[in-house]
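Residue numbers (our numbering), protein chains in the order written: chain A, 31 to 508; chain B, 260 to 405. Note sheet for the following structure.
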Amino acid sequence: MELHRIGDCVWEIARQGGMRVPGRIYASEKLMAELRDDPALGQVANVAHLPGIVGHALAMPDIHWGYGFPIGGVAAVDAEEGAISPGGIGFDINCGVRLLRTALAADDVGPHLGRLADALYQAIPAGVGSEGAIPKLTRAEEKQMLARGAAWAVAREFGRASDLEATEEGGCLRDADPDAVSDTALERGRSQVGTLGSGNHFLEVQRVDEVYDPRAAAALGLAAGGVTVMIHSGSRGLGYQVCDDALRTMGRAMARYGIDMPDRQLACVPLRSPEGQQYFAAMAAAANFAWTNRQVMSGLAERAFAAALGLGPAALRFGLVYDVCHNIAKLEEHPVDGRPRRVCVHRKGATRAFGPGHPALAAHLRPLGQPVIIPGDMGRYSFLLLGTAGAMAETFGTTCHGAGRVMSRAQAKKAGHGLDLVAELGRRGVLVRAQSLRGVAEEMPWAYKDVADVVDVVDRAGLARRVARLRPLAVVKG
Amino acid sequence: MVTRARDLGPCVREIEHTADLGLEVDAPSLPLLFERAGLGMLGLMIDLAAVEPRERVAIALAAEDREALLHDWLQDLLVRLQAGTFALSELAVEEVNERALRAWGAGERVDRARHRLYTEVKGVTYHQLALRETASGWWARIILDV
Chain A
31 MELHRIGDCV WEIARQGGMR VPGRIYASEK LMAELRDDPA LGQVANVAHL
81 PGIVGHALAM PDIHWGYGFP IGGVAAVDAE EGAISPGGIG FDINCGVRLL
131 RTALAADDVG PHLGRLADAL YQAIPAGVGS EGAIPKLTRA EEKQMLARGA
181 AWAVAREFGR ASDLEATEEG GCLRDADPDA VSDTALERGR SQVGTLGSGN
231 HFLEVQRVDE VYDPRAAAAL GLAAGGVTVM IHSGSRGLGY QVCDDALRTM
281 GRAMARYGID MPDRQLACVP LRSPEGQQYF AAMAAAANFA WTNRQVMSGL
331 AERAFAAALG LGPAALRFGL VYDVCHNIAK LEEHPVDGRP RRVCVHRKGA
381 TRAFGPGHPA LAAHLRPLGQ PVIIPGDMGR YSFLLLGTAG AMAETFGTTC
431 HGAGRVMSRA QAKKAGHGLD LVAELGRRGV LVRAQSLRGV AEEMPWAYKD
481 VADVVDVVDR AGLARRVARL RPLAVVKG
Chain B
260 MVTRARDLGP CVREIEHTAD LGLEVDAPSL PLLFERAGLG MLGLMIDLAA
310 VEPRERVAIA LAAEDREALL HDWLQDLLVR LQAGTFALSE LAVEEVNERA
360 LRAWGAGERV DRARHRLYTE VKGVTYHQLA LRETASGWWA RIILDV
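As structure tokens, then:
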């Protein structure tokens, strides 16, 4: 594979063999050195085989090995002629992150943090096998929820209507068709509404630790020393099953469309085919499930704050800064070869980062650009950024999504062996409430890249700009 | 032939994978490989030692090739546990060939008071999925999304 550095933080994989376009990776020299022998680079080249792909097969600086697409992979295909690949969205459809602001100061909350962490842990089911705070839905209720997305949760008094303006797509993809979702997927999702999940999903209480752009932070309702809440979660068992169903269907259907891909996990079909349309509609329904889920958990978190701190809504002033997806496919318009083109953008472990003025943004956000939330590991920090014109020009309005792992789960468990991990995090000033200590071991800071390195690259490359850094105070995990 | 959770030992091994979990399985026969792979995966998700073989279920699957069959078999067991909250601690593959499988499993409904839950496996991937005949029988590698 030929890899050339073409900019400060930009590398190109030259077109060769069956690649329809070149590959382009955003990374620092340090991050690229770690990637040299990583199969993830080969995966970028494989993605370039996707029928109808335009521009480049892209990878963000948090790139690592995934299924078919690398995590951090982005590919835009022509909306009429191109192919859709579930591997370009991932198992956890609409895994995403939201950031909530409050009127609270971290110094005031500090003495009550233990009680607050306990209340959050009680209120929001987390971990393997956890069932929801919402009673098991009937099939009909579940389908209504899949059709309406986050608005379904708002109607049940989780959060408020204004949250929808601060959510991608208003928390609902209209192309969703609940009937396109299999019975198995519906069964997996029925009792999981309002649950956090496990693995790297979390709910964090944070302190706004550093502000890089005071004007933008103020416009988003944030100030240094303020308390925020971050929720990272996705579409749970329902989304995972939609992906698996589609991989099976497309694996069989691909040959009929004359498509041959170098990796089985890059199974794909034309977006306009019956299989492509069915997957897109099911994916959209799963995305709506995830938005509903994060909206419900926001409401549960607000109630936990109220109960633990004895404060009402007027004192708490919970509000949604923004909610982003980082595993999704969207139909968008972007310039290709100087002309506007309708494309289907796959973002797998990558975040939309629309620049200032974009019509998809609500009026209060349009002058700023789209907020982008980048979670780090639970011992260090996360970041809030804004999308830029640079992202619109170079990466189909996309930036990174998080830190990326450097250790396998087995290695991380070994590294934590014999250590009191909860005490270790306590030394870093972080309270943990977790269902599984094994889960904590797998998610310790040393298992991850430093997200600041990743954010530095996207800032230097002009794909997003820093607004604030957020430090964890308390973490709830599965 | 039936395989029980306690029979597994070193013939099922966890392997290194940065983001997720991998398993390698050895067995002298194909049915036994499928049984061991199934229990090996389930054992990552729940403490099988506490799962009593109270109820039997029949499992019949068809797929386009052996790798797809292994994938679908594991996915079937995973979905039974997650969606149906039914855990299997004994598996017996009565017949398996290139494209079809017939088996039964024995287990019980998950009881949070008695059964410890471990890792939540989201799905069985095709990534590096391998199933091969060897000098001593069969070998498989499966990567699980967690």
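Built from N, CA and C at the ideal position, the CB exists for glycine as well. Just so it is clear, the structure is predicted and the values come from calculations on it, not from any experiment.
Next item on the list: Please list the residues of the stretch 214–225 of chain A that have a C-beta atom closer than 7 Å to any C-beta atom in chain B, keeping them in chain order.
Entry: 214, 217 and 218
Next item on the list: In the DSSP assignment, find the alpha helix (DSSP H) that holds residue 21/A and state where it starts and stops.
Entry: Past the boundaries of the shown model lies residue 21/A; chain A is included only from 31 to 508, so the question cannot be answered.
Check: Are residue 220/A and residue 187/A closer than 8 Å when you measure CB to CB?
Finding: Counting from one through the first sequence, the residue named residue 220/A turns up at place 190. Counting from one through the first sequence, the residue named residue 187/A turns up at place 157. No, these two residues do not count as a Cβ contact at 8 Å.
Note to self: Out of 228/A, 197/A, 153/A and 211/A, which one is the CA nearest neighbour of residue 177/A?
What the structure shows: To locate residue 177/A, count along the first sequence from 1; it is residue 147. Among 228/A, 197/A, 153/A and 211/A, the Cα nearest to that of residue 177/A is on 211/A.
Margin query: Using only the alpha-carbon positions, how far apart do residue 365/A and residue 384/A sit?
Written below: By one-based count along the first sequence, residue 365/A stands at place 335. By one-based count along the first sequence, residue 384/A stands at place 354. Going by C-alpha positions, residue 365/A is about 13 Å away from residue 384/A.
Checklist line | Closer than 7 Å at the beta carbon, the chain A residues around residue 382/B | finding: Numbered from 1 along the second sequence, position 123 holds the residue referred to as residue 382/B. Chain A residues near residue 382/B: 121, 270, 273 and 274.
Note to self: Judging by CA-CA distance, which residue of 263/B, 279/B and 264/B is the nearest neighbour of residue 438/A?
What the structure shows: Position 408 of the first sequence, counted from the start, is the residue given in the question as residue 438/A. When each option's Cα is compared against that of residue 438/A, the closest is 279/B.
Next item on the list: Please report how far the alpha carbon of residue 436/A lies from the alpha carbon of residue 301/B, in whole angstroms.
Entry: Locating residue 436/A in the first sequence gives position 406, counting from the first residue. Locating residue 301/B in the second sequence gives position 42, counting from the first residue. Answer to the nearest angstrom: the Cα atoms are 26 Å apart.
Margin query: Taking the alpha helix (DSSP H) that residue 283/A belongs to, which residues open and close that run?
Written below: For this step, residue 283/A is matched to residue 253 along the first sequence. Per DSSP, residue 283/A belongs to the alpha helix (DSSP H) from 266–283.
Notebook entry, point to check: Beta-carbon of residue 310/B versus every beta-carbon of chain D: anything under 8 Å?
Noted result: Checking the listed chains, one finds no chain D in this structure; the protein chains it contains are A and B.
Notebook entry, point to check: Is the CB of residue 301/B under 8 Å away from at least one CB in chain A?
Noted result: For the purposes of this step, residue 301/B is taken as the residue at position 42 of the second sequence. Answer no: the Cβ-Cβ gap between residue 301/B and chain A never drops below 8 Å.
Notebook entry, point to check: Could you give the distance in angstroms between the alpha-carbon of residue 493/A and the alpha-carbon of residue 198/A?
Noted result: Sequence index remark: in the first sequence, residue 493/A carries index 463 (1-based). Sequence index remark: in the first sequence, residue 198/A carries index 168 (1-based). Answer to the nearest angstrom: the Cα atoms are 18 Å apart.
Next item on the list: Determine the chain A residues that contact residue 342/B at a beta-carbon separation under 7 Å, and present them in chain order.
Entry: For the purposes of this step, residue 342/B is identified with residue 83 of the second sequence, where counting begins at 1. Close partners of residue 342/B in chain A (Cβ separation under 7 Å): 214, 217, 218 and 267.
Check: What beta strand (DSSP E) runs, 3 residues minimum, are completely inside the stretch 151–201 of chain A?
Finding: none
Check: Closest by CA to residue 330/A, which one among 92/A, 315/A, 149/A and 231/A?
Finding: The sequence position of residue 330/A within the first sequence is 300, counting from 1. Of 92/A, 315/A, 149/A and 231/A, the residue nearest in Cα terms is 149/A.
Check: Quick one: what's got a C-beta closer than 7 Å to residue 207/B's C-beta in the same chain, skipping five residues either side?
Finding: The displayed coordinates of chain B run from 260 to 405. Any statement about residue 207/B would go beyond what the structure contains.
Check: Expressed to the nearest angstrom, what Euclidean distance is found between the alpha-carbon atoms of residue 475/A and residue 348/B?
Finding: For the purposes of this step, residue 475/A is identified with residue 445 of the first sequence, where counting begins at 1. For the purposes of this step, residue 348/B is identified with residue 89 of the second sequence, where counting begins at 1. Residue 475/A and residue 348/B: Cα-Cα distance of roughly 35 Å.
Item checked: residue 37/A versus residue 303/B: straight-line alpha-carbon distance, rounded -> On the first sequence, residue 37/A is found 7 positions in, with the first residue counted as 1. On the second sequence, residue 303/B is found 44 positions in, with the first residue counted as 1. Cα to Cα, residue 37/A sits roughly 44 Å from residue 303/B.
Item checked: Contact set between residue 275/B and chain A, taken where Cβ atoms lie within less than 8 Å -> By one-based count along the second sequence, residue 275/B stands at place 16. Counting only Cβ-Cβ distances below 8 Å, residue 275/B has contacts in chain A at 438, 440 and 441, in chain order.
Checklist line | Close Cβ partners of residue 331/B (< 6 Å) along its chain, the five nearest in sequence each way excluded | finding: Here residue 331/B refers to the residue found at position 72 of the second sequence. Only 320 and 322 meet the Cβ criterion.
Next item on the list: Check the Cβ of residue 277/A against every Cβ in chain B and list those closer than 8 Å, keeping chain order.
Entry: The residue you call residue 277/A lines up with position 247 of the first sequence. Within 8 Å Cβ-Cβ: 385.
Margin query: On the CB-based measure, 16 or more other CB atoms within 10 Å of its CB, does residue 24/A come out buried or exposed?
Written below: This structure cannot settle anything about residue 24/A, because the visible part of chain A is limited to 31 through 508.
Notebook entry, point to check: How big is the Cα-Cα spacing for residue 49/A and residue 31/A?
Noted result: Position 19 of the first sequence, counted from the start, is the residue given in the question as residue 49/A. Position 1 of the first sequence, counted from the start, is the residue given in the question as residue 31/A. Distance between the alpha carbons of residue 49/A and residue 31/A: 11 Å.
Note to self: I need the straight-line Cα distance from residue 345/B to residue 380/B, nearest angstrom please.
What the structure shows: Start at 1 with the first residue of the second sequence, and residue 345/B comes out as number 86. Start at 1 with the first residue of the second sequence, and residue 380/B comes out as number 121. Each residue's alpha carbon lies about 15 Å from the other.
Next item on the list: Consider the Cβ of residue 370/B: report whether some Cβ of chain A lies at a distance smaller than 8 Å.
Entry: Counting from 1 along the second sequence, the entry for residue 370/B is found at position 111. Chain A contact via Cβ: absent.
Notebook entry, point to check: Okay, do the stretch 101–121 of chain A and the stretch 68–81 of chain A touch, 3+ Cβ pairs below 8 Å being the bar?
Noted result: Yes, they touch.
Notebook entry, point to check: What residues of chain B sit near residue 463/A, judged by a beta carbon separation below 9 Å?
Noted result: The residue labelled residue 463/A in the question sits at position 433 within the first sequence. Chain B residues near residue 463/A: none, gap ~17 Å exceeds 9 Å.
Notebook entry, point to check: Cβ atoms of residue 377/A and residue 358/A: under 8 Å apart, would you say?
Noted result: Taking the first residue of the first sequence as 1, we reach residue 358/A at position 328. Taking the first residue of the first sequence as 1, we reach residue 377/A at position 347. Result yes, Cβ atoms of residue 358/A and residue 377/A sit closer than 8 Å.
Item checked: Members of the stretch 229–240 of chain A near chain B, C-beta cut-off 7 Å -> Those residues of the stretch 229–240 of chain A that come within reach of chain B (Cβ to Cβ, closer than 7 Å) are 229.
Item checked: For residue 501/A, the nearest candidate out of 238/A, 269/A and 309/A (CA to CA) -> Working through the first sequence from its first residue, we reach residue 501/A at position 471. Of the candidates 238/A, 269/A and 309/A, the one whose C-alpha sits nearest the C-alpha of residue 501/A is 238/A.
Check: Would the beta-carbon of residue 86/A fall within 8 Å of that of residue 53/A?
Finding: Reading the first sequence from its first residue, position 56 is the one you call residue 86/A. Reading the first sequence from its first residue, position 23 is the one you call residue 53/A. A contact, by the Cβ cut-off of 8 Å.
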